[in-house]
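Residue numbers (the UniProt record's numbering): 1 to 306. For every residue, glycine included, the Cβ atom is placed at its ideal position computed from N, Cα and C.
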């Protein structure tokens with residue numbers, strides 16, 4: 001059992017049609033057919049959307065994504081049309097709302113890894129591979145890979161696991177040319193972002209991207225993938241402080257690891273293997289998690305969050 005502990009009711013805004021409530025984002029369509037994406041303050045862990053929100057999290061994710069979209073515009077187009085609030089939208093949507101191109105989304109998560117951890121580490125320990133890519137002996141948790149690799153995953157519904165797949169599965173799902181484009185774009189963006197982060201004292205261990213195609217170009221030869229959703233945030237990436245990197249152990253991180261650690265600690269009283277939803281987060285965990293998101297924003301962009 002998993003999913004939402006308390007699924008929120010969608011906000012009703014004149015002229016907007018509610019399409020979907022995701023783990024973090026709410027999706028609407030305006031009267032021009034554009035998508036309106038609103039990043040909430042919800043946080044998820046262990047396939048649950050938790051009952052406690054992290055204040056300003058959605059705004060931090062949105063503003064960091066916009067910063068990255070600008071830096072990556074010469075590599076790949078993105079879906080952002082405007083940050084203007086739709087008429088009649090709640091004031092709280094300010095800073096967390098993107099008006100976007102409507103795309104035909106690719107049915108895979110495009111993941112790039114430069115370091116070994118998480119599900120990649122689990123697979124490596126079993127087979128010395130990640131998504132079918134053979135890796136050298138002797139790697140451990142946090143090891144830097146010889147070169148970044150493309151390790152796609154299937155997209156899961158809320159409450160379900162993404163599943164790592166081999167490159168051949170991407171070819172099967174989208175075709176050989178689009179699969180090659182997606183791999184090239186994923187690694188190009190990752191390599192650019194990794195260098196930017198490294199110059200700011202941060203290791204970008206891995207990240208996932210979502211791509212889509214403009215409806216008019218779907219199936220057309222040479223159609224260019226468009227970067228969508230969020231990009232290079234602490235929700236979609238593992239950021240580690242470079243000065244604390246030490247292979248062979250779990251790395252300190254600028255993401256929701258603090259939430260995961262609390263949920264699996266005796267203090268939470270929660271049993272992941274039972275069918276009970278996770279408990280509310282205590283105030284200290286909320287504040288420290290918010291501080292981690294803000295710190296990542298400030299270190300990367302070089303500007304104060306507040």
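Simplified DSSP state of residue i, which is helix, strand or coil
i, result
"residue 20", "strand"
"residue 76", "coil"
"residue 321", "Nothing about residue 321 can be read from this structure; the chain reaches only from 1 to 306."
"residue 127", "helix"
"residue 153", "strand"
"residue 229", "coil"
"residue 212", "strand"
"residue 238", "strand"
"residue 90", "coil"
"residue 207", "strand"
"residue 148", "strand"
"residue 159", "Summary for residue 159: the model assigns pLDDT 46, below 50, so the residue's position carries little reliability, and this model does not support an answer."
"residue 43", "coil"
"residue 61", "helix"
"residue 67", "helix"
"residue 245", "coil"
"residue 285", "helix"
"residue 35", "strand"
"residue 171", "helix"
C-alpha gap between residue i and residue j, whole angstroms
i, j, result
"residue 159", "residue 81", "The predicted position of residue 159 is uncertain, since its pLDDT is 46 and thus under 50; a value taken from the coordinates is nonetheless stated next. When rounded, the distance between both Cα atoms is 30 angstroms."
"residue 14", "residue 100", "18 angstroms"
"residue 61", "residue 149", "25 angstroms"
"residue 267", "residue 126", "32 angstroms"
"residue 254", "residue 45", "15 angstroms"
"residue 262", "residue 175", "42 angstroms"
"residue 231", "residue 209", "6 angstroms"
"residue 110", "residue 273", "29 angstroms"
"residue 285", "residue 58", "17 angstroms"
"residue 259", "residue 221", "45 angstroms"
"residue 283", "residue 306", "20 angstroms"
"residue 86", "residue 228", "20 angstroms"
"residue 145", "residue 250", "16 angstroms"
"residue 55", "residue 48", "18 angstroms"
Candidates the options: closest to residue i by CA position
i, options, result
"residue 40", "27, 265, 150", "27"
"residue 68", "305, 304, 297", "297"
"residue 244", "192, 8, 252", "252"
"residue 31", "38, 174, 18", "18"
"residue 134", "170, 120, 141", "120"
"residue 114", "154, 164, 238", "238"
"residue 215", "208, 225, 207", "225"
"residue 213", "142, 8, 75, 79", "79"
"residue 153", "125, 175, 127, 207", "207"
"residue 142", "131, 247, 33", "247"
"residue 73", "193, 172, 12", "193"
"residue 103", "36, 63, 90", "36"
"residue 4", "86, 16, 33, 43", "43"
"residue 299", "136, 10, 108, 241", "241"
"residue 77", "233, 112, 181", "181"
"residue 122", "179, 12, 163", "163"
"residue 21", "56, 201, 265, 7", "7"
"residue 155", "191, 204, 105", "105"
"residue 187", "98, 25, 75, 10", "75"
"residue 202", "51, 295, 116", "295"
"residue 108", "257, 116, 151", "151"
"residue 281", "94, 95, 51, 25", "51"
Status (buried if at least 16 other CB within 10 Å, exposed otherwise) for residue i
i, result
"residue 138", "exposed"
"residue 70", "exposed"
"residue 65", "buried"
"residue 278", "buried"
"residue 184", "exposed"
"residue 129", "exposed"
"residue 292", "buried"
"residue 199", "exposed"
"residue 275", "exposed"
"residue 303", "exposed"
"residue 91", "exposed"
"residue 234", "buried"
"residue 140", "exposed"
"residue 265", "exposed"
"residue 147", "exposed"
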